Each structure stands twice: as structure tokens, then as C-alpha cells.
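Peer 1: Using this note's numbering, you'd call the opening residue of the sequence shown number 27 and step up by one each time.
For glycine and all other residues, C-beta sits at the position ideal for the given N, C-alpha and C.
In this text, all values refer to a predicted model and were calculated from it rather than measured experimentally.
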Amino acid sequence: MKRNSGRSESLWIVLGCCLASLVVLVPRAKAQNAVAPAAAAPTAKSSPEAERIYLDGRNYQNGGAFDLAAIEWAKLVKDFPQDPLADKAQHYLGVCLLKLDKPAEAEAALKAVVKNYPKFDLMEDTLLSLGACQYAQAVAGKQDHYAAAGATFESLLKQYPKGRYVEEALYFAGESLYAQGKKPEAVAYYERLVSEFPEGKRLADALYAQGVAQEELGKFAEAGAIYDKFLASFGQSPLATEVKMRKAETVLQAGDAATAGRMFAEVAAVKDFAAADHALFRQALCEVKQDRYAEAGALYARIPTEFPQSPNAGEATIAAGRCFHRAEKYGEAAAWFEKAIAAGDRHAAEAAHWQCKILLKSGKPAEAVALAAKQLAAGGESPFLVDLQLDHGDALFEIPDQRAEALAVYTKLADAQPEHALAPQARYNAAFAALDLKQYPQAIEQAARFLKAYPQDRLAADVTYVAAEAQLQLQNYAEAEKGYAQLLAIAQDHPDREIWQVRQGLVAHLQKKYPETIAILSPLVGQLKSPAAISEAQYLIGASQFQADQFAEAAKSLAASLAADPKSRQAPEALLLMARVQARGGDY
């Protein structure tokens with residue numbers, strides 16, 4: 027969160043009560059030639075005309091007619107540049123221009139004092155006013171003036187280390203450095219102010235600024251300690267609620283999400299707190315940190331509902347959807363993703379991606395196809411557009427007569443985004459879709475391209491299976507045999523391993539390598555867990571035993587196949603082969 031920006035927006039805040047003292051440095055005189063104590067009559071005699079102008083300027087300024095006073099001071103400077111009163115006239119011209127809210131003109135006038143009158147007896151006031159002019163212009167948009175203001179305040183501190191304006195100079199030197207991004211240097215000034223002025227009028231501001239700077243530097247423990255000090259002394263300050271929120275942030279950064287969440291909740295409940303939406307946003311994050319996704323989703327949902335103009339509203343909308351999705355509350359998630367899509371902002375593509383996932387999970391692939399196509403047509407710069415392309419392919423694949431189109435989508439994505447994190451998934455999907463469509467040469471090609479580009483990817487084993495299975499379907503048994511051998515060598519813990527082991531036995535059987543089939547599968551049948559895998563393995567063993575004239579053994583294996591899964595896809599063949607075995611044994 028950005029620090030409070032309302033504390034230093036005006037040059038009057040810089041000067042505070044100091045400007046008032048500058049104005050009364052020209053009090054009404056008791057006699058015609060009398061001047062203020064700080065502007066005592068010079069030792070060299072002024073001309074009567076210069077004195078007359080000086081007195082007129084003094085009277086106008088003390089009466090609050092700063093525009094008329096400025097005219098008189100400018101006239102004195104112009105017409106009597108060598109007069110002993112010229113330095114004071116130049117100074118008071120700057121003061122009046124400052125009061126007239128003309129900081130650029132005031133800066134020029136005050137710079138002239140610094141340049142032309144280095145021994146000026148009001149130089150301390152001049153430097154403060156000059157720094158104020160420069161700082162005000164910086165706040166108004168002239169960013170380069172922060173450096174100038176900082177230099178002026180530093181000069182004031184050097185020349186008058188025990189002067190009247192040390193506290194102001196320390197504070198605004200720090201502010202000027204902070205605005206330039208020089209936060210460690212700014213902290214040094216804030217710390218000095220806190221140390222040297224423990225009862226100062228700038229103490230609260232300095233503690234706040236010091237804490238924020240430390241927080242932004244990632245020094246959360248230091249910032250938290252400063253916030254504690256602020257709250258102990260300034261618990262009724264207008265900044266107190268914000269400081270409590272910032273203290274909560276330091277607790278969160280220290281890893282105590284539960285405590286931080288309670289603290290954020292407390293500040294979020296403060297009536298009319300300007301940053302209540304931010305407090306809610308961070309409270310929701312605390313719930314996420316505790317894996318309380320439903321609770322987090324509910325908090326995020328409050329932000330666009332209660333604070334529709336909040337800068338966090340868009341992010342909170344998509345975050346509510348994400349959290350409800352993670353909590354498997356798909357109805358609530360879909361509602362918030364729909365809002366994010368309707369908003370059409372930078373989160374729309376991501377929301378459409380998650381909405382597609384929900385639609386696919388709900389068995390609505392046609393709706394997912396339509397949503398993905400619409401959002402992709404809208405374009406944009408979202409990184410989730412690639413996710414949406416994959417979603418589009420996945421939705422098409424779930425519609426049997428559109429699987430060829432899904433294959434085209436997967437291939438296009440993998441070709442266009444070979445370096446993207448989703449490219450391996452897209453290429454695998456293309457290979458799998460080609461296998462499903464019985465486009466075996468393309469399945470082999472897609473698998474080869476995958477293994478060349480992403481040999482270490484987590485899907486490498488699955489892709490190797492696709493290639494081996496495609497070779498098997500093309501009756502390229504030798505290639506299939508190599509593929510399954512390679513697959514089993516690299517996939518020791520894959521959940522489909524037992525299926526692949528059985529397919530390895532099938533490849534051997536189809537090559538009429540009956541002893542090898544028996545050798546591959548016999549040790550496995552006791553380890554297989556799936557009834558379908560056990561049934562197929564026992565069938566292949568029995569069929570191989572039959573071909574090897576081991577009829578008694580074949581009968582046992584075939585019976586075991588039928589017992590494991592009486593309705594397996596090879597059950598008819600097992601029954602037929604069992605009949606042949608019985609016939610060979612004379613059991614007609």
C-alpha cells in the first residue's frame with residue numbers, strides 16, 4: 027500500500043507556523059525609520075526613497091496585502107540594488123510570492139538572496155522558504171525539484187545546526203530523499219529527528235514516514251517496532267488506523283497470518299476508514315495463507331460488493347473466483363469468474379480459463395468451446411490466452427465429432443508457442459488425440475517432436491507410450507517392443523506402469539514370442555492390482571501356453587483370466603480358447 031499522500035501536499039505544511047513568524051519579522055514601526063528587530067536598520071544609511079518604499083512594503087505585508095507588498099519589494103530591489111535594504115527587500119519579495127502561491131517566482135527571488143547576500147542576517151529563514159518553494163513545485167509535478175529541495179534543507183542544517191528550523195529541515199530533507207527513492211538515506215534523517223526532537227511537532231509524521239520507509243525496504247521487524255512506538259504515543263492520530271494496518275502487514279510478513287488476519291479485520295471494521303478495502307484485501311490473503319479458501323473467497327467478494335470503486339475491486343473479483351474454485355465451491359467460483367469476464371479488464375482471459383475448467387468438470391464442453399472461442403476472439407495481452415487455447419482444444423476433444431479440430435488446435439498451439447510452459451502439454455495432447463483418431467503416423471510424429479524438444483518433461487513417459495502404442499497399432503512390432511522397453515525403463519513409479527507391462531507382453535505375443543510372453547507376464551500377475559490388467563495378462567499367458575502345447579497350464583491361466591474379469595474385452599477370446607483347450611484334452 028502507498029503511504030498516506032495527504033501529509034505533504036502544500037508548501038504551507040512545509041513552513042507550518044514558521045511562515046507566520048516570517049511575516050511578522052516586519053512589524054509596524056513606532057517611528058518612521060524603525061524596522062523589526064530581525065530587520066534592524068542597517069549601519070550604512072539608506073536613501074530616503076528606499077526607506078519610503080521599504081516602509082510601504084512593510085505596511086502592506088503586515089496588513090496581509092502580499093500582492094501590493096511584492097510590488098514594493100520588487101521596486102526597491104530594482105531601483106536600489108546597492109541599498110543596504112536591498113537584501114531584506116529581496117527576501118521579503120520571496121516571502122510574499124510564497125504567500126501568493128507563486129513558488130517558482132518565489133524560488134527565483136530567494137535564490138537571489140542566497141547568491142547575492144551570503145552574509146544576510148535572515149539567511150536561515152531564506153533557506154527554509156527556498157526549500158519550501160522547491161518542495162512545493164516537486165509535489166506539483168516537477169520531480170527534479172525534490173533533489174533541489176533536499177539540497178536546500180541540507181544546506182540549512184549545515185549552516186544552522188542549532189537553528190530554529192532544524193526539525194523542519196530534518197523532516198523535509200528526509201521527505202525529499204524518500205520521494206527520490208533514496209529510502210535508506212531518508213530513514214537516517216527521520217531517525218535523527220526522532221532522536222533529537224522526542225517532543226517535537228513533527229514526531230508523529232517522522233515516525234510514520236520512518237516506519238513506511240523501513241517497511242518498503244523490506245525491514246518489517248524494524249518497521250513494526252516503529253509502528254508500535256507511534257501507536258503508543260499517537261493512538262488518537264488521524265494516521266493511527268492506517269498505522270495499525272501497516273503493523274498488521276509486518277506481522278503477516280513475519281509469518282503469523284492468523285494474528286495478522288485478526289488485526290486486518292479490526293481495521294477493516296473501523297467506520298469510514300479510507301483504506302478499509304485494502305485491509306479486507308490483506309485479511310483475505312491471510313486466510314489464503316492458512317489454506318482457508320472459502321473464507322478468503324468470501325472476504326475478497328466483499329470488496330467489489332462494498333467498495334465498487336476500490337482499486338482492488340478487479341483483483342478481488344478474480345481472487346474470489348480463484349479461492350472458491352480451490353475450495354471446490356464451483357457455483358460461487360463460476361459466479362465471480364462471470365463477473366470478471368463481464369468486466370472485460372486484464373483479468374477477463376484468466377477468468378474465462380477457469381470458467382472453462384468448471385464447464386468441462388460439469389460436463390458442458392460445448393459451452394466451454396463457445397466461451398474459449400469468444401474470449402480468444404477478443405484478444406488482448408493476457409498470458410492466460412495460451413491457457414485458453416489449450417482449454418479450447420480440451421473442450422473440443424470432449425465432443426467426439428470435433429476431436430479432429432482439437433488435434434488441429436493442439437498442434438497449432440505447440441507449433442506457435444514452443445517455449446511456453448504449456449507447450450509440452452499441448453504437444454502431448456496432439457499426440458494423444460492423433461492416437462485416439464487412429465492417425466497413427468501423426469501420433470508417432472507428434473511424439474517424436476515432443477521427445478526431441480522436451481526429453482526431461484514430466485509427460486515424457488506418457489508420450490513414449492503414445493509412440494509405442496501407435497507403432498503397435500501399425501503392426502510395427504519391433505518398434506513397439508523397443509518403445510515399451512524404453513518406457514518401462516524410465517517410468518518406474520508411473521501409475522499406468524502395470525498397463526504398459528501388460529502391453530509389453532502383448533507385443534511379444536503378437537510376434538509369436540510365446541516363451542518370452544510367459545516369461546514377461548508370469549512374474550507380474552501376482553503384483554497387478556487392476557482386474558482388467560490381471561485378466562489380460564492371464565489371457566496372454568494362457569494363449570502363449572496353448573501355442574506351446576501346455577494345455578493344462580493354459581486352462582488354469584484362461585480360467586484365472588475369466589475369474590479376474592468375466593466381462594473383459596478379451597473374455598470372448600478366452601472362452602473360445604478355453605473350449606479349444608478342453609477339446610484338446612478330450613473334454614468334449
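In this structure, how does DSSP classify E275 when only helix, strand and coil are distinguished?
Peer 2: Here E275 sits in helix by DSSP.
Peer 1: Please list, in chain order, all residues of the same chain as K255 whose beta carbon is under 7 Å from its beta carbon, the five residues on each side excluded.
Peer 2: Only L233 meet the Cβ criterion.
Peer 1: Which residues in the same chain as T178 place their Cβ atom closer than 8 Å to its Cβ, once the five residues preceding and following it in sequence are excluded?
Peer 2: Hits under 8 Å: L153, L156, G157, Q160.
Peer 1: According to DSSP, is N338 helix, strand or coil?
Peer 2: Reduced to three states, the DSSP call for N338 is coil.
Peer 1: Could you tell me the distance, in whole angstroms, from the CA atom of L111 to the CA atom of E150?
Peer 2: Rounded to whole angstroms, L111 to E150 spans 18 Å at the Cα level.
Peer 1: Identify the continuous alpha helix (DSSP H) that holds A605 and give its terminal residues.
Peer 2: A605 -> alpha helix (DSSP H) spans 597-610.
Peer 1: Do the region 267-287 and the region 307-323 make contact, defined as three or more Cβ pairs closer than 8 Å?
Peer 2: Yes, the region 267-287 is in contact with the region 307-323.
Peer 1: Taking L306 as the reference, give the member of L439, Q573, A322 with the closest Cα.
Peer 2: Nearest C-alpha to L306: A322.
Peer 1: Inspect the CB distances between the region 461-476 and the region 496-513 and report whether three or more fall short of 8 Å.
Peer 2: With a cut-off of 8 Å, the region 496-513 and the region 461-476 count as touching, because enough Cβ pairs lie within range.
Peer 1: Measuring CB to CB, does D170 end up less than 8 Å from F146?
Peer 2: No, the Cβ-Cβ distance between D170 and F146 is not below 8 Å.
Peer 1: State the CB to CB distance for the pair L514 and Q527, rounded to an integer number of angstroms; the pair is presumed to be in contact (CB under 8 Å).
Peer 2: Sure, about 6 Å apart at Cβ, within 8 Å.
Peer 1: Could you name the residues of the same chain whose beta carbon sits closer than 7 Å to that of L433, not counting the 5 residues immediately before and after it, in chain order?
Peer 2: Answer for L433: A456, A459, A460, L463, listed in chain order.
Peer 1: Tell me which same chain residues have a C-beta within less than 6 Å of the C-beta of K270, skipping the five on either side of it?
Peer 2: Taken in chain order, the residues that qualify are V293.
Peer 1: Which whole runs of the beta strand (DSSP E) in the region 359-408 are 3 residues long or more, in chain order?
Peer 2: The region 359-408 contains no whole beta strand (DSSP E) run of 3 or more residues.
Peer 1: Within a Cβ cutoff of 7 Å, which residues of the same chain sit near A291, ignoring the five residues on either side of it in sequence?
Peer 2: Closer than 7 Å at the Cβ level, and outside the excluded window around A291, lie Q309.
Peer 1: Would DSSP call V617 helix, strand or coil?
Peer 2: This structure cannot speak to residue 617, because the chain is shown only from 27 to 614.
Peer 1: Which of the three DSSP states, helix, strand or coil, is assigned to Q465?
Peer 2: Q465: coil per DSSP, three-state reduction.
Peer 1: Residue ranges of each beta strand (DSSP E) run of no fewer than 3 residues wholly in the region 100-168, ordered along the chain?
Peer 2: Segments of the beta strand (DSSP E) lying fully in the region 100-168: there are none.
Peer 1: Would you mind stating whether Q316 and A345 have Cβ atoms separated by less than 8 Å?
Peer 2: Their beta carbons are not under 8 Å apart, which means Q316 does not touch A345 by this criterion.
Peer 1: Please work out which residues of its chain come closer than 7 Å, Cβ to Cβ, to F246, disregarding the five sequence neighbours upstream and downstream, and give them in chain order.
Peer 2: For F246, where only same-chain residues beyond five positions count, the Cβ hits under 7 Å are T276, Q279, A280.
Peer 1: CB-CB under 8 Å to K208, same chain, minus the five flanking residues each way: which ones, in chain order?
Peer 2: For K208, where only same-chain residues beyond five positions count, there are no Cβ hits under 8 Å.
Peer 1: Residue range of the alpha helix (DSSP H) that K184 falls in?
Peer 2: Its alpha helix (DSSP H) spans residues 171-185.
Peer 1: Helix, strand or coil for G89, going by three-state DSSP, please let me know.
Peer 2: In this structure, G89 counts as coil in the three-state DSSP scheme.
Peer 1: Which residue comes first and which comes last in the alpha helix (DSSP H) that contains E562?
Peer 2: Per DSSP, E562 belongs to the alpha helix (DSSP H) from 557-573.
Peer 1: In angstroms, rounded to a whole number, what distance separates the CA positions of A586 and A600?
Peer 2: Taking the straight line joining both Cα atoms gives about 10 Å.
Peer 1: Judging by CA-CA distance, which residue of E471, Q428, L416, E431 is the nearest neighbour of A449?
Peer 2: Checked all of E471, Q428, L416, E431; the closest Cα to A449 is L416.
Peer 1: Would a C-beta distance cut-off of 8 Å place K355 and A320 closer than the cut-off?
Peer 2: It is a contact, given that the beta carbons lie within the stated cut-off.
Peer 1: Evaluate K56 with the Cβ neighbour count: other Cβ atoms within 10 Å of its Cβ, from every protein chain shown; 16 or more gives buried, anything less gives exposed.
Peer 2: For K56, the predicted structure reports a pLDDT of 32, less than 50, and the residue's modelled location is therefore unreliable. A value from the coordinates is still provided. K56 should be labelled exposed.
Peer 1: Would you say K114 faces chain C, with C-beta separation under 8 Å as the test?
Peer 2: Any reference to chain C falls outside this structure, which holds one protein chain only.
Peer 1: Tell me whether S548 sits in a helix, a strand or coil according to DSSP, three-state version.
Peer 2: Three-state DSSP puts S548 in coil, outside helix and strand.
Peer 1: What do you get for E445, buried or exposed, if any count of 16 or more other CB atoms within 10 angstroms of its CB means buried?
Peer 2: Classification of E445: exposed, given that the 10 Å Cβ count is below 16.
Peer 1: Of all the options R288, A258, G83, Q262, which has the alpha carbon lying nearest to the alpha carbon of V103?
Peer 2: When each option's Cα is compared against that of V103, the closest is G83.
Peer 1: CB-CB under 7 Å to L566, same chain, minus the five flanking residues each way: which ones, in chain order?
Peer 2: If we look at L566 and ignore the five residues flanking it on each side, its Cβ neighbours are G531, L532, H535, T543, L547.
Peer 1: Please identify the residue among Q573, A580, Q381, E407 whose C-alpha is closest to the C-alpha of K539.
Peer 2: Ranking the options by Cα distance to K539, first place goes to Q573.
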